[in-house]
Each structure stands twice: as structure tokens, then as C-alpha cells.
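>
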Amino acid sequence: MPVQSVSWYDAVAYLNKLTMLESVELVALGEAPLSACYEGSGADVRWVSGCTGYRLPTEAEWEYAARAGTTTSWSFGEDPAVAGEYAWFFGNAEGKVHAVGTKKANPWGLYDMHGNVWEWVWDAYDSYKSGKVVNSVGTSRALRGGSFDFSIGSLRSAGPGRATTQAPKQERRLSLRSWSGPQR
Numbered sequence: 039m040p041v042q043s044v045s046w047y048d049a050v051a052y053l054n055k056l057t058m059l060e061s062v063e064l065v066a067l068g069e070a071p072l073s074a075c076y077e078g079s080g081a082d083v084r085w086v087s088g089c090t091g092y093r094l095p096t097e098a099e100w101e102y103a104a105r106a107g108t109t110t111s112w113s114f115g116e117d118p119a120v121a122g123e124y125a126w127f128f129g130n131a132e133g134k135v136h137a138v139g140t141k142k143a144n145p146w147g148l149y150d151m152h153g154n155v156w157e158w159v160w161d162a163y164d165s166y167k168s169g170k171v172v173n174s175v176g177t178s179r180a181l182r183g184g185s186f187d188f189s190i191g192s193l194r195s196a197g198p199g200r201a202t203t204q205a206p207k208q209e210r211r212l213s214l215r216s217w218s219g220p221q222r
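Those letters in the sequence shown? Residues 39 to 222, per the numbering used here, in order.
(1) Can the beta-carbon of G153 be found less than 9 Å from the beta-carbon of I190?
(2) Select from F186, S192, M151 and L148 the residue whose C-alpha is nearest the C-alpha of E132.
(3) For S192, which three-state DSSP category applies?
(4) Decide if the region 120–137 is in contact with the region 90–102; the criterion is three or more beta carbon pairs, one per stretch, under 8 Å apart.
(5) Starting from D48, trace the beta strand (DSSP E) in both directions and tell me its first and last residue.
(6) Going by C-alpha distance, which of L148, Y124 and E157 is nearest K141?
(7) Is the beta carbon of W146 less than 9 Å from the beta carbon of L181?
(8) Can you give, in chain order, each stretch of the alpha helix (DSSP H) that sits fully within the region 87–137 and has at least 4 residues?
(9) From V50 to W85, what distance separates their C-alpha atoms?
(10) Measuring straight from C-alpha to C-alpha, what distance separates V155 and F127?
(11) Are the beta-carbon atoms of G184 and S178 separated by less than 9 Å?
(12) In terms of residue numbering, what span does the beta strand (DSSP E) encompassing S178 cover?
(13) Only counting the same chain, and skipping five residues up and downstream in sequence, which positions put a Cβ closer than 6 Å to that of A121?
(14) Take T57 as the anchor and find which of T90, V83, S43 and D150 has the nearest alpha-carbon.
(15) Which residue comes first and which comes last in the beta strand (DSSP E) that contains D161?
(16) Leaving out the 5 sequence neighbours to the left and right, which residues in its chain are closer than 6 Å to L67 when beta-carbon positions are compared?
(17) Would you decide whether D161 is buried or exposed? Buried here means 16 or more other CB atoms lie within 10 Å of its CB.
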């Protein structure tokens, strides 16, 4: 089963512990020690560019991985009729989370990029209205990928395939996917 029912803060803390296990130098910031890859505390935690620890993917990185080199609505093409081969969603999940890897992978070998559970990303949620890329701030964090209880139209690689919730929120539909290496 995917890791589920985690808040954004839980996800960041978990990835920080993975970084610590790999003996990255630690610094104390805020209430708890963070690796040298993080600055700030609470809703204002920031990733230090160039660090080699673990972190959540940015929205752009998540979308790049979900698309897997494609330009279609989903990594499996434009036909929602084949979605059941690749994703758990309202039409086939029977109202529950399923084990990772029980559907086909995307062209890059990544499973569950569409559906099953929403995935936290690094970015604070901001609308796409302006078209500008900015470092948005706040406790409202972006989610990507969709969930088992959403329609297939909501699970696209881009566009409506994103949502928001407050970072402290925990529920069974929320998950994390870790990334390693410098932020690009």
C-alpha cells in the first residue's frame, strides 16, 4: 500500500530523516533540527538549492515525471477508456486505496502517477492565472495525481489534475513520493 494519511509536514519530516540517515550535516532551525538542506520553520520551510538530500518534488518535476515524455492528457494517451489499465479512480477503485504497482506503469516505469492517492509536492498552492512562475508561500500546499475517489477526468497529468489542502491535513487520500538530489 502507498504511504497514506500523512500531512505535508509529516512528509517533509520523513524525507529530512532519510537525509539525516545518510549523514548530511544537520542544523537546528525552528523547533526541530533540520538537515543543512532546509531553512526556516513551519509553513516557511525552504529547500536550499544544491543540496543532495531528499525532498518532495516540485509541481513541475511531478508533472514531468507523470507525463513521462508524452504531451497527452494522461501518460497513457487521450483515451479515457483505457484508464483502468493504468489508474485507480472512482470508476474502478471500489472506494479504497490499492497497493502500488497493481496497474501498468507510465512509459518511464513509474506507477500510480494517475489516481490511487493524491501526492504532496513541495510547492505552496497558487493558481495558474498569471502564467508566472513564483515561489508561492503559505500553508495551502499543492497536491498532484488525483485519488481513488475522483473521476478519470480529474487525474490528468496537467491542468485539472491538481488540488490544494492545508499542509497540516492528514487523510487516507494523501501520500508522498520522495526525490533525491539537487533541486533543478
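Note that CB positions come from ideal geometry on N, CA and C, so glycine has one too.
The relevant details are as follows:
(1) One-based indexing of the sequence shown puts residue 153 at position 115. One-based indexing of the sequence shown puts residue 190 at position 152. Yes.
(2) As a first step, residue 132 must be located in the sequence shown, where it is residue number 94. Ranking the options by Cα distance to E132, first place goes to F186.
(3) To locate residue 192, count along the sequence shown from 1; it is residue 154. Helix at S192.
(4) no
(5) Walking along the sequence shown from the start, residue 48 turns up at place 10. No beta strand (DSSP E) contains D48, which is instead part of the alpha helix (DSSP H) from W46 to L59.
(6) Position 103 of the sequence shown, counted from the first residue, corresponds to residue 141. Comparing Cα positions, the closest option is Y124.
(7) As a position in the sequence shown, residue 146 is number 108, starting the count at 1. As a position in the sequence shown, residue 181 is number 143, starting the count at 1. No. Outside cutoff.
(8) 97–105
(9) Taking the first residue of the sequence shown as 1, we reach residue 50 at position 12. Taking the first residue of the sequence shown as 1, we reach residue 85 at position 47. The alpha-carbon atoms of V50 and W85 are separated by roughly 10 Å.
(10) As a position in the sequence shown, residue 155 is number 117, starting the count at 1. As a position in the sequence shown, residue 127 is number 89, starting the count at 1. Their Cα atoms are separated by approximately 9 Å.
(11) Your numbering for residue 184 matches position 146 in the sequence shown. Your numbering for residue 178 matches position 140 in the sequence shown. Not in contact: G184 and S178 (Cβ atoms no closer than 9 Å).
(12) Translated into the one-based positions of the sequence shown, residue 178 becomes position 140. Here the beta strand (DSSP E) through S178 covers S178 to R182.
(13) Residue numbering aside, residue 121 sits at position 83 when the sequence shown is read from its first letter. Counting only Cβ-Cβ distances below 6 Å, and skipping sequence neighbours, we find I190.
(14) Translated into the one-based positions of the sequence shown, residue 57 becomes position 19. The shortest C-alpha separation from T57 is found at T90.
(15) Here residue 161 corresponds to residue number 123 of the sequence shown, with the count starting at 1. Its beta strand (DSSP E) spans residues W156 to A162.
(16) Residue 67 sits at position 29 when you count from the first residue of the sequence shown. Here L67 scores only 46 on pLDDT, less than 50, and its place in the model is too uncertain to base an answer on.
(17) Start at 1 with the first residue of the sequence shown, and residue 161 comes out as number 123. D161 comes out buried.
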